[in-house]
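In our numbering, the protein residues as written are 6 to 356.
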């Protein structure tokens with residue numbers, strides 16, 4: 006996956022906690038916790054992994070070799086920018102016959118269709134023709150408004166009913182030969198989950214995995230301290246903190262519309278397309294942060310809520326008990342709205 010304009014993510018900074026219990030530590034100092042770090046490129050963006058190694062874990066170099074190989078495999082399965090990927094080959098097939106599919110591709114498709122239904126169609130992996138039409142796809146040219154006839158034609162190729170998968174004789178099929186699937190709103194999260202599973206398989210219990218802003222953490226960063234995740238204010242060109250979360254054993258994704266857009270006649274057109282209209286969303290929602298058990302689900306829901314907007318999104322978040330933070334812009338001011346499940350993760354101040 007190598008998007009020229011990747012799905013916009015609010016830049017996420019990782020901020021270390023101060024050690025807790027200062028008085029106690031002065032009497033009985035704790036030994037320092039050795040934290041290892043690896044980084045690289047994948048899916049058109051960067052990845053970072055921080056973890057506490059264990060006695061029997063592979064060396065850092067060996068671990069990075071495993072991570073790179075795993076991410077390369079995922080990219081070669083789900084990229085729309087690699088013409089030889091499994092997904093690209095499926096997209097270019099002009100058939101409605103069943104096509105054999107890997108376990109990885111079917112797992113992501115299954116989750117995508119489930120979240121698509123739960124989000125009332127807001128998360129739609131068949132929206133690729135509309136994304137491409139508006140110039141935010143592989144052939145990047147976001148500088149014109151498409152004709153209504155072209156939007157209508159692209160919408161006819163889209164919809165959650167246009168693709169089906171089966172587990173017996175594992176396969177997937179289109180219901181129109183020209184259906185085009187785009188997994189950019191969920192594949193990075195899936196990659197984070199797979200790397201997290203790799204760490205756990207090596208008996209590593211304390212780690213942070215991040216790909217392009219999608220994050221999953223397990224255990225603690227230091228001595229009895231959770232991972233501190235700072236979410237930026239949705240301001241182009243600035244680096245200031247909107248809020249801070251204390252996290253452990255959970256995944257986080259943040260999506261925003263304030264950097265990836267084009268402007269014509271004073272109006273901004275976002276890269277996030279509403280499948281229901283075929284047009285870029287325009288709902289005053291500039292940023293949304295989602296917490297979930299897996300990064301794949303957080304990733305997909307972040308896109309879904311960006312489409313749904315704060316009112317419909319809040320109703321669904323409360324109904325499904327999803328921890329979500331919405332940042333809405335009104336008259337140049339930012340307003341936070343969060344559901345009940347989100348409150349226990351917030352830290353009001355950096356300390």
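No residue lacks a Cβ here, since even glycine has one placed at the ideal position from N, Cα and C.
- Bridge partners of residue 290 according to DSSP: 333.
- Residue 79 has no beta-bridge partner at all, per DSSP.
- About 17 Å separates the beta carbons of residue 41 and residue 76, which is beyond the 8 Å limit, so they are not a contact pair.
- DSSP places residue 174 in the coil class of the three-state scheme, outside both helix and strand.
- Around the Cβ of residue 193, a 10 Å sphere holds 16 or more other Cβ atoms; the residue is buried.
- In this structure, DSSP gives residue 69 a helical state, which the three-state scheme calls helix.
- A distance below 8 Å separates the beta carbons of residue 250 and residue 351.
- Within its own chain, the residues whose Cβ lies closer than 8 Å to the Cβ of residue 72, once the five positions on either side in sequence are excluded, are 43, 45, 52, 54, 200 and 203, listed in chain order.
- Secondary structure at residue 227: strand, using DSSP grouped into helix, strand and coil.
- For the 8 Å CB-CB criterion, residue 323 and residue 256 do not form a contact.
- Around residue 252, the same chain offers 222, 231, 232, 234 and 350 as residues with beta carbons nearer than 7 Å, after the five sequence neighbours per side are excluded.
- Residue 162 and residue 338 have their C-alpha atoms some 38 Å from each other.
- Approximately 31 Å separates the beta-carbon atoms of residue 152 and residue 114; this is outside 8 Å, ruling out the contact.
- DSSP places residue 99 outside both helix and strand once states are collapsed to three, so it counts as coil.
- Distance from residue 117 to residue 188 at the Cβ level is roughly 7 Å; contact confirmed, criterion being Cβ atoms closer than 8 Å.
- Counting along the chain, residue 195 sits inside no beta strand (DSSP E); it lies in the alpha helix (DSSP H) bounded by residues 192-206.
- Distances from the CA of residue 85 to each of 306, 62, 110 and 288 were compared; the closest alpha carbon is that of 110.
- In the assembly as shown, residue 129 is a buried residue. Its beta-carbon has 16 or more other beta-carbons within 10 Å.
- Among the bridge pairs identified by DSSP, residue 216 is matched with 52 and 219.
- Judged by beta-carbon spacing, residue 346 lies within the 8 Å limit of residue 328, meaning their Cβ atoms are closer than that value.
- If you draw a straight line from the Cα of residue 174 to the Cα of residue 74, it is about 27 Å long.
- Taking the CA atoms as reference points, residue 213 sits about 8 Å from residue 226.
- Counted as a single uninterrupted DSSP element, the beta strand (DSSP E) harbouring residue 47 occupies residues 41-47.
- For residue 300, the enclosing alpha helix (DSSP H) has its first and last residue at 300-325.
- Of 50, 62 and 48, the smallest CA-CA separation from residue 207 is found for 62.
- Straight-line measurement puts the Cα of residue 107 at about 32 Å from the Cα of residue 282.
- Where residue 346 is concerned, there is no enclosing alpha helix (DSSP H), because DSSP gives it neither an H nor an E.
- Residue 125 is classed as exposed because its beta carbon has fewer than 16 other beta carbons within 10 Å across all chains shown.
- Burial check for residue 325: the Cβ neighbour count within 10 Å stays below 16, so the residue is exposed.
- Leaving aside the five residues that flank residue 155 on each side, the residues in its chain whose CB is nearer than 8 Å to its CB run, in chain order, 138.
- In the DSSP annotation of this structure, the continuous segment of the alpha helix (DSSP H) that includes residue 123 starts and ends at 108-123.
- In chain order, 257 place their CB closer than 6 Å to the CB of residue 220, counting only its own chain and leaving out the 5 sequence neighbours on each side.
- As computed with DSSP, residue 257 is found in a beta bridge with 220 and 296.
- Taking the Cα positions, residue 135 is about 47 Å away from residue 59.
- For residue 90, the closest alpha carbon among the candidates 254, 81 and 97 is that of 81.
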